[in-house]
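Undergrad:
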Amino acid sequence: MSATTSDTSTDTATDIGNAVEVSGVSRVFPRRRADDVIALEGVDLTVAEGEFVSLIGPSGCGKSTLLRIIADLDTPSSGSLTVFGKSARQARLDQDYGIAFQQAGLLPWRSVADNVALPLELHGTGSRARKDRVGELLDLVGLSDFARAHPDELSGGMQQRVAIARALAESPRLLLMDEPFGALDEITRERMQGELVRICAETGAAVVFVTHSIPEAVFLSDRVVVMTPRPGRIIDIVDSGPGDQGRRDDDFRDAAGFFHTVARVRELLHGGPGANAIAAARGVENR
Amino acid sequence: MTRALWLVRRILLGTIGVLVLVGVWEAYKALGPANGVVIHGNTVLPRTTDLAMPHVWEMFSKFSDPVNSFAGTDTVGSVVWSACLFTLKLSAIGWAIGVVVGAVLAVLMARFRLAESAMLPWIVLSQTVPLIAIAPLVRRWGSQIHVGSWVWSSENSVSVIAAYLAFFPVAVGALRGLRSPDATHLDLMHAYGVGWWRTLFTLRLPSSVPYLLPALRLAAASSVIGTVVAEVSIGLRGGVGRLIIEYAQSAGGDPAKPWAPIFGAVAVGLVAAGAVGVIGLLCRPYRRGEAA
Numbered sequence: 003m004s005a006t007t008s009d010t011s012t013d014t015a016t017d018i019g020n021a022v023e024v025s026g027v028s029r030v031f032p033r034r035r036a037d038d039v040i041a042l043e044g045v046d047l048t049v050a051e052g053e054f055v056s057l058i059g060p061s062g063c064g065k066s067t068l069l070r071i072i073a074d075l076d077t078p079s080s081g082s083l084t085v086f087g088k089s090a091r092q093a094r095l096d097q098d099y100g101i102a103f104q105q106a107g108l109l110p111w112r113s114v115a116d117n118v119a120l121p122l123e124l125h126g127t128g129s130r131a132r133k134d135r136v137g138e139l140l141d142l143v144g145l146s147d148f149a150r151a152h153p154d155e156l157s158g159g160m161q162q163r164v165a166i167a168r169a170l171a172e173s174p175r176l177l178l179m180d181e182p183f184g185a186l187d188e189i190t191r192e193r194m195q196g197e198l199v200r201i202c203a204e205t206g207a208a209v210v211f212v213t214h215s216i217p218e219a220v221f222l223s224d225r226v227v228v229m230t231p232r233p234g235r236i237i238d239i240v241d242s243g244p245g246d247q248g249r250r251d252d253d254f255r256d257a258a259g260f261f262h263t264v265a266r267v268r269e270l271l272h273g274g275p276g277a278n279a280i281a282a283a284r285g286v287e288n289r
Numbered sequence: 021m022t023r024a025l026w027l028v029r030r031i032l033l034g035t036i037g038v039l040v041l042v043g044v045w046e047a048y049k050a051l052g053p054a055n056g057v058v059i060h061g062n063t064v065l066p067r068t069t070d071l072a073m074p075h076v077w078e079m080f081s082k083f084s085d086p087v088n089s090f091a092g093t094d095t096v097g098s099v100v101w102s103a104c105l106f107t108l109k110l111s112a113i114g115w116a117i118g119v120v121v122g123a124v125l126a127v128l129m130a131r132f133r134l135a136e137s138a139m140l141p142w143i144v145l146s147q148t149v150p151l152i153a154i155a156p157l158v159r160r161w162g163s164q165i166h167v168g169s170w171v172w173s174s175e176n177s178v179s180v181i182a183a184y185l186a187f188f189p190v191a192v193g194a195l196r197g198l199r200s201p202d203a204t205h206l207d208l209m210h211a212y213g214v215g216w217w218r219t220l221f222t223l224r225l226p227s228s229v230p231y232l233l234p235a236l237r238l239a240a241a242s243s244v245i246g247t248v249v250a251e252v253s254i255g256l257r258g259g260v261g262r263l264i265i266e267y268a269q270s271a272g273g274d275p276a277k278p279w280a281p282i283f284g285a286v287a288v289g290l291v292a293a294g295a296v297g298v299i300g301l302l303c304r305p306y307r308r309g310e311a312a
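Note that the protein sequences, when read in sequence, are chains A and B. Under the working numbering, the first sequence has 27 at position 25, and the numbering climbs by one with no breaks. Under the working numbering, the second sequence has 298 at position 278, and the numbering climbs by one with no breaks.
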């Protein structure tokens, strides 16, 4: 365990029920002959089990850094965090999370099925169990007919679905996604968002989702974490969602509550008072 | 385009290339001045006499002639053939040694930055040493090695010298290849909690294939050149290198004869490059995404 992560599993009991607990996390990138870059400063965030949380903010606000710290791909300069009550490193080694990036990151020499099977293979799952699980996952993302295809034969959206299936391979209770739909066109993007909502409902996994699209964050999330750059900080956390009765479907995209939340997030991002809200709501098609 | 048509096209283009070369040779021989093209006392193009430029068909007819005037001797063709096999064997061994050494160096350099800073300049420098300078050294050092009943032979020296040329492109190409995976892929491996060696076999080696294949082909060509030159400078009998020197001495009386082992050396090079092509076919799954 890194010396900078002072987290321990001493009070495990209180951590149960939360997928991620981040408290006072800062990340400073030292630079030679220039001021250090403060990517994150004093970030507190809790993600409950099964909760969908989006991190949104302009470039350089540290949202990807925060995600990478939760994934233990980076370590905080100060502060502490736990993932399912364990250190981030232990959670990574225990494969408590699945991860997807902006690039699908499929291995081009492996077929779709073999790409999905990769984490299972690396962690010693038997070939029979592997085959069954890959079958389930490809059904889940609707790519059963493409099991033997190779990534270069798939569209960007299909590649990203394979990457999501791969992230779900070991049934993680936490899914970390770093702008997974960022490279897709708007139409594919909306369809993928619908797919993701369905997949999350079926798996019950908590999700930390980095994006810079306001409508995307509002559509998908239970809570939208709004961040500002220089230094990267959380300025507010906005509750989102269709309410108790509604469902996250295309009707929700047209609902008044949706526009209201979009306006609220936009207002926070632009740092202006409520006067901007109406203008902001009109511009929802912008990312 | 269908695959068969593509193959026919390739063969046709290759044949045309050879025919053009033959045509240029014969055309210059027929039309060029007998004393060659001389500008300000410098010979720019060679003489066109039969001594300097034998006809192409004479060169090829040499293969069926006997080596010398004694009765019952082998034909030039069969001598060159066995010399080619000998040279091919030594250069294949040299290639294999070079590939292993180059790959090991590349893995070490990819694993440890320190190894890269320490070794890469020397690896580059090693290729600036003229081969004829190290050939006698290798033979002298080698001749002191004998393990049990096994004694270092001149053949071993030749293969080692071939390996000395062959390892370089492999080391440099493999290093680039091992460094080629995307950051996303490396992050993924880290997220899976997989160690460096497992990552090497799952990710780095497969993604180095597009870099490795040209390096292996270059190594094959280098090892053939290394073998021929080493045969000459060590004075090893039996291979194409020695035959080139031997037949060159009879060029005065028989100008077409020295070309026979030269064609032999070319053939050895083609076979070596072709063998690497077969490796490339076997590695096809790892070459997806390469511009086809």
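Every residue, glycine too, gets a C-beta built ideally from N, C-alpha and C. Bear in mind that the values here come from a model prediction, so they are computed numbers and not experimental data.
From I36 of chain B to R199 of chain B, what distance separates their C-alpha atoms?
TA: Residue mapping note: residue 36 of chain B aligns to position 16 of the second sequence, counting from 1. Residue mapping note: residue 199 of chain B aligns to position 179 of the second sequence, counting from 1. The alpha-carbon atoms of I36 of chain B and R199 of chain B are separated by roughly 40 Å.
Undergrad: Helix, strand or coil for T247 of chain B? Go by DSSP, reduced to three states.
TA: As a first step, residue 247 of chain B is located in the second sequence; it is residue number 227 there, counting from the start. DSSP places T247 of chain B in helix when its eight states are reduced to three.
Undergrad: V210 of chain A bridges to which residues according to DSSP?
TA: As a first step, residue 210 of chain A must be located in the first sequence, where it is residue number 208. DSSP lists A:V55, A:L178 as partners of V210 of chain A.
Undergrad: Rounded to whole angstroms, what's the CA-CA distance from A131 of chain A to A115 of chain A? Just pull it up for me.
TA: By 1-based counting over the first sequence, the position of residue 131 of chain A is 129. By 1-based counting over the first sequence, the position of residue 115 of chain A is 113. Between A131 of chain A and A115 of chain A, the C-alpha separation is close to 13 Å.
Undergrad: Output needed in chain order: residues of the region 191-214 of chain B with a Cβ under 7 Å from some Cβ in chain A.
TA: Under the 7 Å Cβ criterion, the region 191-214 of chain B contributes D202, T204, H205, D207, L208, H210, A211, Y212, G213, V214.
Undergrad: I want to see whether chain A comes within less than 8 Å of A311 of chain B, judged by CB atoms only; does it?
TA: As a working note, residue 311 of chain B is residue 291 in the second sequence. Bear in mind that a pLDDT of 43 at A311 of chain B, under 50, signals an unreliable position, so the number given afterwards is only what the model happens to contain. Not an interface residue.
Undergrad: For a contact defined as C-beta to C-beta under 8 Å, what are the partners of P305 of chain B on chain A?
TA: Counted from its first residue, the second sequence places residue 305 of chain B at position 285. Going along chain A in sequence order, the residues near P305 of chain B (Cβ under 8 Å) are W111.
Undergrad: Can you list, in chain order, the residues of the region 216-228 of chain B whose Cβ is nearer than 9 Å to any Cβ on chain A?
TA: Residues passing the 9 Å Cβ filter: R218, T222, L223, P226, S227.
Undergrad: Which runs of the alpha helix (DSSP H) at least 4 residues long sit entirely within the region 107-138 of chain A? Give them in chain order.
TA: Segments of the alpha helix (DSSP H) lying fully in the region 107-138 of chain A: 114-124.
Undergrad: I'd like to know whether the C-beta of A265 of chain A is nearer than 8 Å to at least one C-beta of chain B.
TA: Looking up residue 265 of chain A in the first sequence gives position 263. Judged by the 8 Å Cβ criterion, A265 of chain A is not in contact with chain B.
Undergrad: My assumption, with CB atoms under 8 Å, is that F54 of chain A sits in contact with L176 of chain A. Please give the rounded CB distance.
TA: By one-based count along the first sequence, residue 54 of chain A stands at place 52. By one-based count along the first sequence, residue 176 of chain A stands at place 174. Contact flag wrong, Cβ pair sits at about 11 Å.
Undergrad: For A103 of chain B and A153 of chain B, I'd like the C-alpha separation in whole angstroms.
TA: Along the second sequence, read from residue 1 onward, the residue named residue 103 of chain B stands at position 83. Along the second sequence, read from residue 1 onward, the residue named residue 153 of chain B stands at position 133. Cα to Cα, A103 of chain B sits roughly 24 Å from A153 of chain B.
Undergrad: Going by DSSP in three states, V167 of chain B sits in which element: helix, strand or coil?
TA: By 1-based counting over the second sequence, the position of residue 167 of chain B is 147. Three-state result, V167 of chain B: strand.
Undergrad: Determine whether the Cβ of I280 of chain A lies closer than 8 Å to any Cβ atom of chain B.
TA: Taking the first sequence and counting its residues from 1, the one referred to as residue 280 of chain A is at position 278. Because the pLDDT at I280 of chain A is just 42, under 50, the model does not fix this residue reliably, and the point stays unresolved.
Undergrad: For the region 217-234 of chain B against the region 67-83 of chain B, do three or more pairs of beta-carbon atoms, one drawn from each stretch, fall closer than 8 Å, so that the two count as touching?
TA: The region 217-234 of chain B vs the region 67-83 of chain B: no contact.
Undergrad: R94 of chain A CB to nearest chain B CB: under 8 Å?
TA: In the first sequence, residue 94 of chain A corresponds to position 92, counting from 1. Yes - at least one Cβ of chain B is within 8 Å of the one on R94 of chain A.
Undergrad: Between which residues of its own chain and L270 of chain A is the CB-CB distance below 8 Å, once the five residues before and five after are set aside?
TA: As a first step, residue 270 of chain A must be located in the first sequence, where it is residue number 268. If we look at L270 of chain A and ignore the five residues flanking it on each side, its Cβ neighbours are V228, I237, D238, V240.
Undergrad: Can you find the residues in the same chain that come closer than 8 Å, C-beta to C-beta, to D154 of chain A, ignoring five residues on each side of it along the sequence?
TA: As a working mapping, residue 154 of chain A is identified with position 152 in the first sequence. Cβ within range, chain order: P110.
Undergrad: Thinking just about the alpha-carbon of each residue, which of B:P66, B:W101, B:S174 is nearest to the one in G114 of chain B?
TA: The count along the second sequence starts at 1 and reaches residue 114 of chain B at position 94. Minimum Cα distance to G114 of chain B is reached at B:S174.
Undergrad: Given this structure, state the Cα-to-Cα distance separating S89 of chain B from F80 of chain B, to the nearest angstrom.
TA: Here the question's residue 89 of chain B lines up with position 69 in the second sequence. Here the question's residue 80 of chain B lines up with position 60 in the second sequence. Looking at the two C-alpha atoms, the distance is approximately 19 Å.
Undergrad: Is DSSP giving L232 of chain B helix, strand or coil here?
TA: The sequence position of residue 232 of chain B within the second sequence is 212, counting from 1. Residue state, collapsed to three classes: helix.
Undergrad: Just to confirm, is the Cβ distance from L124 of chain A to T222 of chain B under 8 Å?
TA: Here residue 124 of chain A is taken as the residue at index 122 of the first sequence, counted from 1. Here residue 222 of chain B is taken as the residue at index 202 of the second sequence, counted from 1. Yes, these two residues count as a Cβ contact at 8 Å.
Undergrad: Does Y212 of chain B come out as helix, strand or coil in the three-state DSSP assignment?
TA: Translated into positions along the second sequence, residue 212 of chain B becomes position 192. In this structure, Y212 of chain B counts as coil in the three-state DSSP scheme.
Undergrad: Give a yes or no on whether 8 Å exceeds the smallest Cβ distance from P182 of chain A to chain B.
TA: Translated into positions along the first sequence, residue 182 of chain A becomes position 180. Chain B contact via Cβ: absent.
Undergrad: When you compare the CB positions of E51 of chain A and A208 of chain A, do they come within less than 8 Å of one another, or not?
TA: On the first sequence, position 49 is the one that residue 51 of chain A refers to. On the first sequence, position 206 is the one that residue 208 of chain A refers to. Cβ distance < 8 Å, so E51 of chain A and A208 of chain A count as in contact.
Undergrad: Just to confirm the assignment, what range does the alpha helix (DSSP H) spanning R255 of chain A have?
TA: As a first step, residue 255 of chain A must be located in the first sequence, where it is residue number 253. Per DSSP, R255 of chain A belongs to the alpha helix (DSSP H) from 252-256.
Undergrad: Quick one: what does DSSP say S81 of chain B is sitting in, helix, strand or coil?
TA: Position 61 of the second sequence, counted from the start, is the residue given in the question as residue 81 of chain B. DSSP places S81 of chain B in helix when its eight states are reduced to three.
Undergrad: Thinking just about the alpha-carbon of each residue, which of A:F148, A:G107, A:S25 is nearest to the one in A90 of chain A?
TA: The residue you call residue 90 of chain A lines up with position 88 of the first sequence. Checked all of A:F148, A:G107, A:S25; the closest Cα to A90 of chain A is A:S25.
Undergrad: Give a yes or no on whether the C-beta atoms belonging to D202 of chain B and Q162 of chain A are separated by under 8 Å.
TA: The sequence position of residue 202 of chain B within the second sequence is 182, counting from 1. The sequence position of residue 162 of chain A within the first sequence is 160, counting from 1. The answer is no: Cβ separation not under 8 Å.
Undergrad: Can the beta-carbon of G122 of chain B be found closer than 8 Å to that of V190 of chain B?
TA: Translated into the one-based positions of the second sequence, residue 122 of chain B becomes position 102. Translated into the one-based positions of the second sequence, residue 190 of chain B becomes position 170. The answer is yes: Cβ separation under 8 Å.
Undergrad: Use the C-beta contact count for R112 of chain A: other C-beta atoms within 10 angstroms, 16 or more gives buried, fewer gives exposed.
TA: Walking along the first sequence from the start, residue 112 of chain A turns up at place 110. So R112 of chain A counts as buried.
Undergrad: For the ligand ZN, is there any heavy atom lying closer than 7 Å to the beta carbon of P121 of chain A?
TA: Looking at this structure, you won't find the ligand ZN or any other ligand, since it has none at all.
Undergrad: From the DSSP secondary-structure annotation, give me the bridge partner or partners of T1 of chain A.
TA: Nothing can be reported for residue 1 of chain A, as the shown portion of chain A is limited to 3 through 289.
Undergrad: Taking 8 Å as the threshold (C-beta atoms), are L185 of chain B and G246 of chain B in contact?
TA: Taking the first residue of the second sequence as position 1, residue 246 of chain B is located at position 226. Taking the first residue of the second sequence as position 1, residue 185 of chain B is located at position 165. Cβ distance < 8 Å, so G246 of chain B and L185 of chain B count as in contact.
Undergrad: Rounded to whole angstroms, what is the Cα-Cα separation between D251 of chain A and G196 of chain A?
TA: Looking up residue 251 of chain A in the first sequence gives position 249. Looking up residue 196 of chain A in the first sequence gives position 194. Going by the C-alpha atoms only, they are around 7 Å apart.
Undergrad: Tell me the rounded alpha-carbon separation between F127 of chain B and P281 of chain B.
TA: For the purposes of this step, residue 127 of chain B is taken as the residue at position 107 of the second sequence. For the purposes of this step, residue 281 of chain B is taken as the residue at position 261 of the second sequence. Position check: residue 127 of chain B holds Val in this sequence, whereas Phe was assumed. Answer to the nearest angstrom: the Cα atoms are 38 Å apart.
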